[in-house]
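7 is the number that our numbering gives to position 24 of the sequence shown; each next residue is one higher, with no gaps.
Virtual Cβ for every residue (Gly too), placed ideally from N, Cα, C.
All of these numbers come straight from a predicted model, not from anything done at the bench.
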Amino acid sequence: MHGLAIAAELAEHGRVRMSLVGTFPLAEVAAAHALSEGGHARGKVALVH
-16 MHGLAIAAEL AEHGRVRMSL VGTFPLAEVA AAHALSEGGH ARGKVALVH
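Here's what the structure looks like:
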């Protein structure tokens, strides 16, 4: 089994967790970038439409 297939199987069984530090609308992309580059974000930053 290769990496992507393993990742898909883990996600399917609820074994993958992602820490989301914040969501930002596309209009606030500069703020999202500042958060991610600031070195203090302990998770992922998501842009939403």
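As assigned by DSSP and simplified to three states, the class of residue i
i          : result
residue -3 : coil
residue 14 : helix
Backbone CA spacing between residue i and residue j [nearest angstrom]
i          : j          : result
residue 27 : residue 13 : 15 Å
residue 30 : residue 24 : 15 Å
residue -7 : residue 10 : 34 Å
Alpha helix (DSSP H) segment containing residue i, residue limits
i         : result
residue 9 : Note, residue 9: premise wrong, no alpha helix (DSSP H); not H, not E.
Residue i: first and last residue of the uninterrupted beta strand (DSSP E) it sits in
i          : result
residue 29 : 27 to 31
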